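Report on the structure given below.
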Amino acid sequence: MADRSIVAEMREFVKGANRFMLEKVIVSLEKEAAEDKIKELRENLALYQTELLVDTGLCGGKKRAGKAGNADKADKADKADKTDKADKADRTDKTVGAGRIAEGKASGKDAAVYITDRPDAVRAAAGEDACILLYLTEENRGKVWGDIPYAVEGLEGLDGDFLEKVYQRHVKEPWEILQTDRLIVREMTEEDLDALYQIYDQSGIEDVMDGLSEDREEERAYVRAYIERAYPFYGFGLWMLVERESGRCVGRAGFFMREGFDEPELGFIIAQEAQRKGYCMEACGAILEYGFRELGFERVQALAAERNGASLAVCRKLGGQRSGSIVWEGRSYVRFVWSR
1 MADRSIVAEM REFVKGANRF MLEKVIVSLE KEAAEDKIKE LRENLALYQT ELLVDTGLCG
61 GKKRAGKAGN ADKADKADKA DKTDKADKAD RTDKTVGAGR IAEGKASGKD AAVYITDRPD
121 AVRAAAGEDA CILLYLTEEN RGKVWGDIPY AVEGLEGLDG DFLEKVYQRH VKEPWEILQT
181 DRLIVREMTE EDLDALYQIY DQSGIEDVMD GLSEDREEER AYVRAYIERA YPFYGFGLWM
241 LVERESGRCV GRAGFFMREG FDEPELGFII AQEAQRKGYC MEACGAILEY GFRELGFERV
301 QALAAERNGA SLAVCRKLGG QRSGSIVWEG RSYVRFVWSR
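Following this line, the structure appears as C-alpha cells:
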C-alpha cells in the first residue's frame, strides 16, 4: 500500500503544476454496496486525499444511514438537491445527494466521479456532464452505454489512481504514464503538434516511424482522432517524452499494433538535438517494464531497420531477442522480441 505522506506530497506537487486532481468519488447505487467494500475504498482514497461519499437517495430514493450519513443528513441532502434543481438555471455550484460535482476544468468546483448503476438518474440530478463509472448489474448489463467508456462489476480493486484516470479521460486531460529519473512519459495533446514536427525533422525518419503529414491541419485532425480513439480503445499508444527539468518534449515512444501481428510493438524516436544522452534507453526500458507489469503483455516486438544501427543497438541493449528478418512495405527489418 502507498505511504500516506508520500502520496500527499505528490498530490500537492501536482496541484502546484495546475493538473487536475480528483476531489470526490460518489457511490450512487440502487442496491446499497457492502459496508466492508465501501470502507476499503474509502481508506484507499484517503491516501490520495480524495473524499468518498455514498449518495443518500439519488437513484433509489431511499435514505441510508451509516458512515456516509444518517437519516438527518439524508433529509438535508434531499432538500439541498431539490433547492439546487429549482435554481439550476441560475447556479453553477450544485449539491446532489451527498456530494458536489465538477462541471469543467475552468469552473474551480470539485472534480468528482460517480460510480453508479443508473447513469440516467445521476445525469438527471447531477447534469449531463457528470463523470460516470458504470457499475454493471444484471439489469443494466444488456444496455448500450456508448458514451460511458469504463465499467466495473464491483468496488473491489478500485483505487485512486484508476479513478483519477477515469476523470482525466472525461475532461480530456492527458494521462501521465510514468516517470524516470529525467523524463515524464505522458499521453499526447494537440498542443504537442509543433514539438512533433521538430522531433520528426531528421533524416532517415522512415526507418524509425511513419512520418507526419505535410499538411499540418490534416496532421492535427489525425492527432485529435488518435487521442480520442486510440488511447481509450487500447489503453496504450505512442506517448510523449518530456524532460522533467525543462518541460521540453524530446521524443516519442510507446506501443502500437502493427497490421498482421498479434504482439504490441515498441516504437521510439528521439529528437535530433536530444540524442546521445541515453534518453531512448531510459524511456524504453521503463516503458517495456510498464507494458509487462501494468498492461499484462506476454510478448512485445520491435522492428528495427537493417540499415539503422542506432535502433538495432537500442533493441539489443534493451535485451530484445532477435527473431529473424522481415520485409515490410519494401524495407528490410530485423525483428526483436521481449517476453514476460
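Residue numbers (the UniProt record's numbering): 1 to 340. The beta carbon of each residue, even a glycine, is placed where N, CA and C say it ideally should be. Model, not experiment: these values are computed from the prediction.
Rank the options by C-alpha distance to the C-alpha of residue i and give the top, closest one.
i	options	result
L29	L136, D181, R216, Y200	L136
H170	Y231, E329, C131, E306	C131
E164	A286, V185, Y114	Y114
R316	F162, V185, R42, R335	R335
Q198	V250, R340, L295	V250
V337	L303, E153, R331	L303
Y200	Q168, E214, E190, T189	E214
G260	I287, W328, A225	W328
S339	G330, Q321, G157	Q321
N308	V54, R216, K39, R331	R331
E153	S311, M257, A33	A33
Determine, using beta carbons only, whether residue i and residue j come nearer to each other than 8 Å.
i	j	result
I269	M209	yes
D159	K24	no
Y333	A305	yes
V242	R299	no
E219	L193	yes
L265	F255	Rather than Leu, the amino acid found at residue 265 in this sequence is Glu. Yes, these two residues count as a Cβ contact at 8 Å.
G235	L295	yes
R252	L238	yes
T180	A283	yes
L318	G267	no
Y167	L22	yes
D161	N140	no
Alpha carbon to alpha carbon, how far is residue i from residue j?
i	j	result
Q49	M281	35 Å
A195	A151	35 Å
P119	E176	28 Å
V314	F233	29 Å
K277	E289	20 Å
L133	A221	28 Å
residue 368	Y226	Nothing about residue 368 can be read from this structure; the chain reaches only from 1 to 340.
G127	A112	12 Å
S325	D262	17 Å
A274	E217	26 Å
Mind reading off the beta-carbon distance from residue i to residue j? Whole number of angstroms is fine, and I expect it under 8 Å.
i	j	result
Q202	Q272	5 Å
L52	V27	7 Å
K37	E156	6 Å
Would residue i pass as an interface residue toward chain D - the criterion being a Cβ-Cβ separation below 8 Å?
i	result
F261	No chain D appears in the structure shown, which is made up of a single protein chain.
*Tell me the start and end of each unbroken alpha helix (DSSP H) in the UniProt domain "N-acetyltransferase" (183 to 340) that is at least 4 residues and wholly inside, in chain order.*
193 to 199, 216 to 225, 231 to 234, 279 to 293, 309 to 317
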